[in-house]
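Protein chains in written order, with this note's numbering: chain A, 1 to 316; chain B, 317 to 632. C-beta atoms are modelled at their ideal positions from N, C-alpha and C, and glycine is treated no differently. Computed from a predicted model, the values in this text were never measured in an experiment. Remarks on the structure that follows.
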DNA sequence: TTTATTTATACTCATTTTGAGCATAATTGT
DNA sequence: ACAATTATGCTCAAAATGAGTATAAATAAA
């Protein structure tokens with residue numbers, strides 16, 4: 001039996017939290033600025049086992065201290081531990097392992113402070129107004145150039161970026177980010193010394209440490225999860241119109257949906273009940289709905305099976 | 317900006333791997349026995365940042381050393397860090413964080429060594445022959461008793477165990493295990509000093525450390541993943557009959573499926589192509605299929621959308 | 001005050017998918 | 001030859017889905 005003994009290596013675990021909300025037609029996350037850094041960061045801090053009985057307790061503390069919010073539900077995303085992807089070349093004397101968490105917030109209980117648009121950091125992920133130009137204008141050509149020397153990655157690129165007949169899968173956010181990093185197309189890659197020259201053109205705003213990687217994980221997870229669990233409602237206010245719910249959905253998955261069918265989907269799902277009130281805005285007033293909590297026992301805990309339209313028939 | 321400095325706490329990270337395979341009508345995992353311990357364990361070892369550039373490299377090394385297998389694809393499951401759930405009351409001088417990984421193996425390239433039946437450790441998860449007796453005979457009554465003092469957990473129990481009209485969701489493997497642990501119904505809870513008396517009746521075979529928790533995570537993840545990614549084929553041999561594929565599927569999700577519809581589902585999915593060969597066994601010979609790799613670009617990377625039968629219509 | 005614009009909501013309709021079976025085919029064991 | 005067993009093909013009704021058309025109820029503009 002192996003004794004758990006790694007010698008005298010000092011390991012440091014950092015816990016970072018992506019706090020997301022939907023606000024003003026934007027998917028936003030809680031961002032912090034540091035005086036000595038142009039890139040922003042997430043709230044984060046070290047896991048201190050003597051003070052934090054669990055990592056969740058630790059992350060809650062850091063978030064409370066740094067952005068003054070008491071988080072409700074949080075979800076662990078991933079633990080990153082690859083050397084050299086944290087703080088670049090700088091002292092890795094203490095090896096840093098990074099654990100990412102996801103938290104959802106409602107637009108109301110935002111608290112002051114800075115919220116950043118998520119798609120500002122991932123412009124290629126927002127397809128609400130159609131395929132983003134940056135893909136064909138910048139990303140794909142650059143990846144192609146990179147693939148010449150790295151043809152073993154061709155299959156990954158094809159899958160992640162939906163090329164050569166493959167479909168764009170909106171859940172592959174992290175894989176796309178990783179490929180851009182490996183190909184040296186984003187600033188973090190240059191910062192980490194992975195590529196000599198900085199990228200010709202900045203692809204999305206960079207962030208400190210591995211925080212953009214964590215955001216990519218968060219977005220991918222959220223996009224995936226909303227299809228099988230009712231997480232969307234954690235982003236919604238107490239009462240909301242179906243249109244608002246749809247807009248939040250579209251924000252998250254990054255594509256637009258058919259209005260009437262979305263309504264049918266939601267109403268049938270049983271997740272929602274009318275309040276009788278209506279909201280007044282531009283056009284005809286809309287009914288206000290509220291989330292119907294788990295009191296109705298017969299409903300499976302499914303999500304909204306949104307879909308991007310009928311698939312083109314497969315070839316014979 | 318918070319400096320990443322946790323004082324001088326010594327953190328130890330253990331990496332454990334659940335290696336699963338389908339064999340002999342059983343879902344099995346690679347288990348190791350130690351002389352001084354009756355409970356079995358997974359292959360595991362400490363993460364040593366100076367020797368392992370990534371955690372994956374580390375885990376591969378431990379697996380190679382301990383069970384003599386070179387793993388193909390692995391997937392990170394979860395990072396557990398709660399105090400007192402590892403090695404019980406014993407020295408937590410070095411705080412242990414535990415990272416679980418999942419790997420899939422084919423029955424052939426098994427290598428020697430011990431494989432254990434997964435459902436031996438989770439008897440309540442195998443519904444292939446209908447609802448397991450242990451649920452109504454032991455688990456639910458015991459949970460009910462526990463709920464008297466812990467009524468805040470009632471909603472969790474209802475959801476996880478599909479009570480009061482809620483449906484059994486086969487993916488909630490971890491949550492069920494956690495509840496059994498919290499309720500003190502399994503041996504690990506007694507071992508960790510969470511409950512004075514050991515459980516009246518042993519619910520599934522216990523394991524060392526948090527390895528059963530990791531197995532629960534692995535099973536839940538696999539059950540979930542097979543619905544949206546073609547992972548099942550990583551458990552299958554090179555060529556296989558549709559029946560074999562179905563049996564593996566049933567093994568994983570723990571329920572039985574309608575044969576003809578399963579065939580229709582698989583054939584339509586495009587994941588599989590006939591080889592022309594047939595297998596001879598008891599009845600009529602079955603066509604042998606092989607997995608069709610990602611060369612067909614037009615196919616989404618979906619999984620097999622198996623389902624447990626039509627839902628009973630919801631009440632009005 | 002009409003009219004255009006905007007948004008919400010209701011319905012329709014053709015397809016496709018799904019759950020459930022029945023029917024038939026091709027083997028082996030007796 | 002016949003029973004048992006497994007594979008495979010096919011049908012059928014119900015439900016879900018994608019894509020509209022039509023109508024309703026507001027505000028903004030003319």
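For residue i: DSSP bridge partner residues
i                      : result
residue 362 of chain B : B/330
residue 556 of chain B : B/605
residue 419 of chain B : B/335 and B/390
residue 395 of chain B : B/415
residue 207 of chain A : A/40
residue 202 of chain A : Answer by DSSP bridge pairing: none, since residue 202 of chain A is not bridged.
Boundaries (first-last residue) of the beta strand (DSSP E) holding residue i
i                      : result
residue 27 of chain A  : 26-30
residue 433 of chain B : 431-433
residue 593 of chain B : 588-595
C-beta contact flag for residue i and residue j at 9 Å
i                      : j                      : result
residue 40 of chain A  : residue 126 of chain A : no
residue 188 of chain A : residue 210 of chain A : yes
residue 520 of chain B : residue 438 of chain B : yes
residue 349 of chain B : residue 430 of chain B : yes
residue 573 of chain B : residue 583 of chain B : no
residue 310 of chain B : residue 578 of chain B : What is shown of chain B runs 317 to 632, which leaves residue 310 of chain B out entirely.
residue 591 of chain B : residue 606 of chain B : yes
residue 477 of chain B : residue 455 of chain B : yes
Same chain only: Cβ atoms within 8 Å of residue i, ignoring 5 sequence neighbours per side
i                      : result
residue 472 of chain B : 491 and 495
residue 224 of chain A : 171
residue 474 of chain B : 480 and 482
Selected residue, minimal CA-CA separation from residue i, among the options
i                      : options                       : result
residue 68 of chain A  : A/75, A/49 and A/44           : A/44
residue 234 of chain A : A/97, A/128, A/263 and A/108  : A/108
residue 445 of chain B : B/367, B/532, B/569 and B/601 : B/569
residue 148 of chain A : A/183, A/133 and A/167        : A/183
residue 358 of chain B : B/585, B/338, B/532 and B/345 : B/345
residue 327 of chain B : A/255, A/49 and A/25          : A/49
residue 18 of chain A  : A/264, A/207 and A/280        : A/207
residue 54 of chain A  : B/482, B/401, B/343 and B/378 : B/401
residue 73 of chain A  : A/281, A/232, A/202 and A/244 : A/232
residue 339 of chain B : B/329, B/398, B/420 and B/375 : B/420
residue 261 of chain B : B/341, B/377 and B/354        : Because chain B in this structure spans residues 317 to 632, residue 261 of chain B falls outside the shown range and cannot be described.
residue 589 of chain B : B/608, B/380 and B/517        : B/608
residue 440 of chain B : B/597, B/596 and B/571        : B/571
residue 414 of chain B : B/452, B/459 and B/528        : B/528
residue 285 of chain A : A/31, A/80 and A/244          : A/244
residue 52 of chain A  : B/352, B/457, B/508 and B/399 : B/399
residue 201 of chain A : A/280, A/173, A/142 and A/63  : A/142
residue 269 of chain A : A/173, A/282 and A/229        : A/229
Own chain, CB closer than 6 Å to residue i, minus 5 neighbours either side, in chain order
i                      : result
residue 106 of chain A : 237
residue 436 of chain B : 521
residue 47 of chain A  : 13, 15, 55 and 58
residue 239 of chain A : 275, 288 and 290
residue 26 of chain A  : 117
residue 450 of chain B : 439 and 440
residue 20 of chain A  : 29 and 104
residue 31 of chain A  : 40, 114 and 116
residue 411 of chain B : 327
Spatial neighbours of residue i in its chain, beta-carbon cut-off 7 Å, leaving aside the 5 residues before and after
i                      : result
residue 393 of chain B : 416, 417, 418, 530, 533, 534 and 537
residue 511 of chain B : 500 and 505
residue 497 of chain B : 504 and 505
residue 246 of chain A : 257, 259 and 262
residue 397 of chain B : 413
residue 132 of chain A : 123, 124 and 126
residue 380 of chain B : 386
Extent of the continuous alpha helix (DSSP H) to which residue i belongs
i                      : result
residue 256 of chain A : That residue, residue 256 of chain A, is in no alpha helix (DSSP H); it is neither H nor E in DSSP.
residue 69 of chain A  : First-last for residue 69 of chain A: undefined, no H or E at that position.
residue 497 of chain B : 489-498
residue 144 of chain A : 140-149
residue 345 of chain A : Because chain A is modelled from 1 through 316, residue 345 of chain A falls outside the range shown and cannot be assessed.
residue 503 of chain B : 503-507
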